[in-house]
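See below for the structure under consideration.
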Amino acid sequence: MSQPPSVQRTAICIDKVCKVYGPPDSGVVALHEVDLTIYDNEFFTLLGPSGCGKTTLLHLIAGFEDVTAGTIRLFGKDIVSLPPNKRPINTVFQHYALFPHMSVLENVAFGLKMKSVAADTAQARAQEMLELVQLQQFSHRMPNELSGGQQQRVAVARALAPHPKVLLLDEPLSALDLKLRQSMRDELKRIQKTTGITFIFVTHDQEEALTLSDRIAVIESGEIQQVAVPKELYEAPRNRFVAKFIGDVNLIDIEIDDMTDNGLVRVRTKSGDLIEAVPNGSGHKCGPGHVAIRPERLNVTRKGGDGILTGRVRELIYLGTDTQIIVETEGSYELTVRVQNAHQSHVDVSPGDIVHLRPDAGTVQLLAD
Amino acid sequence: MMAGHAEKLKKFPGFLTVTIGCLVLLYAPMIVISVYSFNATRSITKWGGFSLGWYAKVFANPEIQRATVNSLVIAVSASTLATLLALLAAIAMVRGRAFRGQEGVYVLINLPLLVPEIISAVGSLIFFLAIGISLGLMTVMIAHTIFCIPFAYLPISARLQGIEDHYEQAARDLYANAWQSFRYVLAPMMLPGIVSGYMLAFIISLDDFIITNMVAGPGATTLPLAIYGMVRIGFTPEINAISTLMLLASLVVVTLSYLIGRTKRN
Chain A
0 MSQPPSVQRT
10 AICIDKVCKV
20 YGPPDSGVVA
30 LHEVDLTIYD
40 NEFFTLLGPS
50 GCGKTTLLHL
60 IAGFEDVTAG
70 TIRLFGKDIV
80 SLPPNKRPIN
90 TVFQHYALFP
100 HMSVLENVAF
110 GLKMKSVAAD
120 TAQARAQEML
130 ELVQLQQFSH
140 RMPNELSGGQ
150 QQRVAVARAL
160 APHPKVLLLD
170 EPLSALDLKL
180 RQSMRDELKR
190 IQKTTGITFI
200 FVTHDQEEAL
210 TLSDRIAVIE
220 SGEIQQVAVP
230 KELYEAPRNR
240 FVAKFIGDVN
250 LIDIEIDDMT
260 DNGLVRVRTK
270 SGDLIEAVPN
280 GSGHKCGPGH
290 VAIRPERLNV
300 TRKGGDGILT
310 GRVRELIYLG
320 TDTQIIVETE
330 GSYELTVRVQ
340 NAHQSHVDVS
350 PGDIVHLRPD
360 AGTVQLLAD
Chain B
0 MMAGHAEKLK
10 KFPGFLTVTI
20 GCLVLLYAPM
30 IVISVYSFNA
40 TRSITKWGGF
50 SLGWYAKVFA
60 NPEIQRATVN
70 SLVIAVSAST
80 LATLLALLAA
90 IAMVRGRAFR
100 GQEGVYVLIN
110 LPLLVPEIIS
120 AVGSLIFFLA
130 IGISLGLMTV
140 MIAHTIFCIP
150 FAYLPISARL
160 QGIEDHYEQA
170 ARDLYANAWQ
180 SFRYVLAPMM
190 LPGIVSGYML
200 AFIISLDDFI
210 ITNMVAGPGA
220 TTLPLAIYGM
230 VRIGFTPEIN
240 AISTLMLLAS
250 LVVVTLSYLI
260 GRTKRN
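Protein chains in written order, with numbering that gives the first Met the number 0: chain A, 0 to 368; chain B, 0 to 265.
So this is what it looks like as structure tokens:
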């Protein structure tokens, strides 16, 4: 399911990496055996709530911290024993970490200077990078004379100047305000396409992850929950955590009934409705489980019947482009339905009405837990 | 009503009087000394007109010249050494891994601030005699270096604590080795703290009397010792002139140290 868009070279291979803070047997486990493959030229995102281990993983790749066990390979070469200055990987820090005593140009040229690149070549290359982030006219300013967004772009230029094989970005947009964040998003995507460098992007913002990434790894409690392209992550979440973390979702307790002829699984809700769900490939036994349905995948219909959920409208919430309908079912669980207001005819229900809800075919996802 | 209450709470009766009393006690002697250094007559209590004569005398006095050179040599070398040691200690304490007994080491570094100076002085003297170093410029330098360390350490470690380790991470990430990361990133960022600490150590060494008096051998007379010697012989406005000059030097260095120490702490 989580194949890359095309056959590509592996940029980074993370193999059974563990990170424990404190003594190995009694310390705090930040990462349990993590396996991850990131391809060349990919915009890859590590997504998860704060404290899930995503920044730890980034620090292990950059070399700021040592792995407790496991290996990290960069284009096939084991890099775990190398200090950060020996790894052809650069980082864009959350709070930029621009050197305050150096001009913008000196900041951008710093990595090249440390790599003993000739001064004039370094200057030219730094200037080129500043053009890439559209800050060429600011090269002689000091960092504290720039706005937050400009500082962020300098940080990107500085990290790109030494031609790293992989660029790490540690929540680079979190310190910016909303408008700026959106324009920086486009900017980052453009820079990644122009340079062709592999980007590993850390964020807790699911919308940011969905709009930017080629693939996303969802991390929680130091474990990878799912690795997939954005569409698959949203439409076919593997477990309850992923389903809830990405977008709004209806999670329904069900009993697995049996398989159908077309490869779907027939499940029964607590109110006795039978619906068909897409299995997630990890093999299901009969018994209790959960399915996920996105609110916009439920359609209000007049008739009940097979494959249809039934309940009573409790509340209508007007959201501008959409209307949200909260439906209470007999199984005492709630369903949220989202109807686009362009299709106004479908929303002529009022609180107290009995409604029938038909999920779009193939959008009920059976979860692994 | 409420406003009246708030006013009352903010008022401390007699506060102004006490403040003025303290200020007079602190600064009146210095003002008197400075004013009489410009006295045209020999008296240090009766004003006899303005003159720079005593200053001219000070600059021409060979004993004072020698003492000034000694004081500067000692202050420069002791504060340089003390700053260097304090810098290393600060990096180890602030950036190094936490270790057992770290608090104890902190106390040890700052101990000279707490120990009564006369005890340090006697201790140093006994120590130098015990290991057989003859008293001279060298012994003063060593003793000054030791008690200057905490004065250099405090501003340096305060500055270092204010610098997040992201900057060093960024430097290492951009291919700097440990030394380059210190040389190009950490040291320039710490510079105000280092200069501030250096100046503080310098002035502490320049002004010290008690320890110097104990461990200075022949030929190691510093300015404070020279002034003390002159006072014992007889008080003339020449002493006022030297004192005023030293006061001025201290004031300038301490002010600079303060101003530099607080720059760029944004």
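Ideal Cβ positions, reconstructed from N, Cα and C, are used throughout, including at glycine.
Residue i to residue j span [Cα, whole Å]
i      : j      : result
A/G50  : B/A170 : 25 Å
B/W46  : B/V230 : 20 Å
A/L366 : A/F43  : 24 Å
B/S70  : B/A77  : 10 Å
B/L185 : A/T36  : 36 Å
B/I155 : B/V251 : 20 Å
A/L297 : A/T210 : 24 Å
B/R264 : B/Q101 : Any reading at B/R264 must be qualified, since the residue scores a pLDDT of 45, below 50, and its modelled position is unreliable; the value itself is stated next. When rounded, the distance between both Cα atoms is 27 Å.
A/E295 : A/G351 : 21 Å
A/M0   : A/A227 : Residue placement at A/M0 cannot be trusted, given a pLDDT of 41 that sits under 50; what the coordinates show is reported in the next sentence. So the alpha carbons of these two residues sit roughly 8 Å apart.
B/V31  : B/T254 : 22 Å
A/K18  : A/S25  : 12 Å
A/R239 : A/R180 : 29 Å
B/K9   : A/A29  : 53 Å
Proximity test, Cβ basis, 8 Å: residue i and chain A
i      : result
B/Y166 : yes
Residue i at chain B interface by Cβ criterion, 8 Å
i      : result
A/K114 : yes
A/H94  : yes
A/P82  : yes
A/G110 : yes
A/P369 : Residue 369 of chain A lies beyond the range of chain A shown here (0 to 368); nothing can be said about it.
A/F74  : no
A/F98  : yes
A/A10  : no
A/S1   : Here the model assigns A/S1 a pLDDT of 45, short of 50, so the residue's position is not dependable, and the following value carries that caveat. False, the Cβ-Cβ gap to chain B never drops below 8 Å.
Selection from the options that minimises the alpha carbon distance to residue i
i      : options                           : result
B/A215 : B/L86, B/V139 and B/G95           : B/V139
A/D213 : A/Q225, A/I223, A/K230 and A/I307 : A/K230
A/S331 : A/S349, A/N340, A/Q339 and A/V312 : A/V312
A/V363 : A/L166, A/V264 and A/L318         : A/V264
B/C147 : B/V17, B/P236, B/W53 and B/L112   : B/L112
A/L334 : A/D24, A/S25 and A/S270           : A/S270
A/P188 : A/H203, A/V155, A/G21 and A/L56   : A small correction: the amino acid at residue 188 of chain A is Lys; Pro does not occupy that position in the sequence shown. Of A/H203, A/V155, A/G21 and A/L56, the residue nearest in Cα terms is A/V155.
A/V107 : A/F63, A/V79, A/R152 and A/D65    : A/R152
A/D256 : A/R337, A/K302, A/P142 and A/D272 : A/D272
A/E314 : A/T322, A/L308 and A/I307         : A/T322
A/G62  : A/A276, A/L167 and A/S138         : A/L167
A/G303 : A/N279, A/Q133 and A/L356         : A/L356
A/E105 : A/R293, A/L59, A/L45 and A/A158   : A/A158
A/M113 : B/L205, B/I108, B/Y183 and B/A66  : B/Y183
A/T90  : A/E207, A/T67 and A/T197          : A/T197
A/D34  : A/D24, A/K15 and A/P23            : A/K15
B/A74  : B/G218, B/D207 and B/P187         : B/D207
Within 8 Å, strictly: CB atoms of residue i and residue j
i      : j      : result
A/I369 : A/G52  : Missing from the structure shown is residue 369 of chain A; chain A here goes from 0 to 368 and no further.
A/L232 : A/I251 : no
B/S195 : B/G260 : yes
A/V354 : A/V299 : yes
B/I209 : B/A142 : no
A/M101 : A/G148 : no
B/L224 : B/M245 : no
A/Q93  : A/D169 : yes
B/F37  : B/L51  : yes
B/S256 : B/M213 : no
A/I325 : A/V338 : no
A/P142 : A/Q150 : yes
A/V241 : A/Q225 : yes
Closer than 7 Å: residue i CB and nearest the ligand NAD heavy atom
i      : result
A/E144 : Annotation note on the ligand NAD: not contained in the displayed structure, which lists no ligands.
Beta-carbon neighbours of residue i, restricted to chain D and to distances below 7 Å
i     : result
A/N89 : In the displayed structure, chain D is absent; the protein chains listed are A and B.
| query | Given a limit of 9 Å on CB to CB distance, which residues of the region 170-188 of chain B reach chain A? | reply | Per Cβ criterion, the list reads A170, R171, D172, L173, Y174, A175, N176, A177, Q179, S180, Y183, V184, P187 and M188.
| request: Closer than 7 Å, Cβ to Cβ, to anything on chain B: give me those residues from the region 57-69 of chain A, in chain order. | output: Interface annotation for the region 57-69 of chain A against chain B: A61 and F63, criterion Cβ-Cβ distance under 7 Å.
| message | Please list, in chain order, the residues of the region 130-162 of chain A that have any C-beta partner in chain B closer than 9 Å. | response | From the region 130-162 of chain A, only N143, A154, R157, A158, A160 and P161 have a Cβ closer than 9 Å to chain B.
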